[in-house]
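Asks: Residue 306 in the working numbering is what sits at position 67 of the sequence shown, and the numbering runs on without skipping anything. All C-beta atoms in this analysis are idealised placements derived from N, C-alpha and C, irrespective of residue type, glycine included.
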Amino acid sequence: MLVTMPAMARDKAPSPPEPFHYTVRFGAMIGSLEPIAGEMLCVSNKDCEILLSFWPRIELRLRPPRGRNQPGEATITCGLLSCAFSNGSTRTSYSGGIDRLRVYDDRNRRSGVLVPLVWKPGPDLIGSIDIVVRR
Numbered sequence: 240m241l242v243t244m245p246a247m248a249r250d251k252a253p254s255p256p257e258p259f260h261y262t263v264r265f266g267a268m269i270g271s272l273e274p275i276a277g278e279m280l281c282v283s284n285k286d287c288e289i290l291l292s293f294w295p296r297i298e299l300r301l302r303p304p305r306g307r308n309q310p311g312e313a314t315i316t317c318g319l320l321s322c323a324f325s326n327g328s329t330r331t332s333y334s335g336g337i338d339r340l341r342v343y344d345d346r347n348r349r350s351g352v353l354v355p356l357v358w359k360p361g362p363d364l365i366g367s368i369d370i371v372v373r374r
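1. Less than 8 angstroms between the C-beta atoms of L301 and I269, yes or no?
2. For V342 and E257, what's the separation of their Cα atoms in angstroms?
3. I'd like to check one pair, R339 with D369: are the Cβ atoms closer than 8 angstroms?
4. Tell me whether A267 is buried or exposed, calling it buried when 16 or more other Cβ atoms sit within 10 Å of its Cβ.
5. Determine the extent of the beta strand (DSSP E) in which R373 is found, giving its start and end residues.
6. Spatial neighbours of A276 within its chain, please: C-beta separation below 6 angstroms, excluding the five flanking residues on both sides.
7. Express the C-alpha separation of T314 and N326 in angstroms, rounding to a whole number.
8. Quick check: the Cα distance between I296 and T331, rounded to an integer number of angstroms?
9. So is G306 in contact with chain B if we call contact Cβ pairs under 8 angstroms?
10. For the beta strand (DSSP E) containing E404, list its first residue and its last residue.
11. If you measure between the beta carbons of I289 and L280, is that distance less than 8 angstroms?
12. What is the DSSP secondary structure of T314, reduced to helix, strand or coil?
Here you go:
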């Protein structure tokens, strides 16, 4: 008599992984705005949205790492202000442990003209956001 269980097990499609919860502790000091700190409970299959200021509306959105040794992705929107991370973009990666994300004034970077070998001051630091991600 043959057993057909192994053949049946191979035909079954793998199910997607179960979403897990993780906590994000954060502290932010941006410009002359009131410093803010807090903790959020987030779900792995959705972006974690952290509102840092109502006016001007500043929001940090975290996408968790897909694997253990892969970075997560942080996105910042500053509403009427023009801001970016140190890489000149509104998106950057984070390690998933303890991170400091520096926020810069992005008004001067959007000119579209690149002048090489000319000294000019760097972008102005607006503030920083510290995050601690724990599973």
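Replies: According to the structure data:
1. Reading the sequence shown from its first residue, position 62 is the one you call residue 301. Reading the sequence shown from its first residue, position 30 is the one you call residue 269. No, these two residues do not count as a Cβ contact at 8 angstroms.
2. Locating residue 342 in the sequence shown gives position 103, counting from the first residue. Locating residue 257 in the sequence shown gives position 18, counting from the first residue. Approximately 34 angstroms between the Cα atoms of the pair.
3. Locating residue 369 in the sequence shown gives position 130, where the first residue counts as 1. Locating residue 339 in the sequence shown gives position 100, where the first residue counts as 1. Yes, these two residues count as a Cβ contact at 8 angstroms.
4. Indexing the sequence shown from 1 puts residue 267 at position 28. Label assigned to A267: buried.
5. Here residue 373 refers to the residue found at position 134 of the sequence shown. Start and end: L364 to R373.
6. Numbered from 1 along the sequence shown, position 37 holds the residue referred to as residue 276. G266, listed in sequence order.
7. By one-based count along the sequence shown, residue 326 stands at place 87. By one-based count along the sequence shown, residue 314 stands at place 75. Distance between the alpha carbons of N326 and T314 is about 12 angstroms.
8. Taking the sequence shown and counting its residues from 1, the one referred to as residue 296 is at position 57. Taking the sequence shown and counting its residues from 1, the one referred to as residue 331 is at position 92. One point to set straight first is that residue 296 is Arg, not Ile, in the sequence displayed. Their Cα atoms are separated by approximately 19 angstroms.
9. The structure shown contains no chain B; it holds only a single protein chain.
10. No answer is possible for residue 404: it lies beyond the span of the chain, which begins at 240 and ends at 374.
11. Translated into the one-based positions of the sequence shown, residue 289 becomes position 50. Translated into the one-based positions of the sequence shown, residue 280 becomes position 41. Cβ distance not < 8 angstroms, so I289 and L280 don't count as in contact.
12. If you number the sequence shown from 1, residue 314 lands on position 75. Strand, per DSSP.
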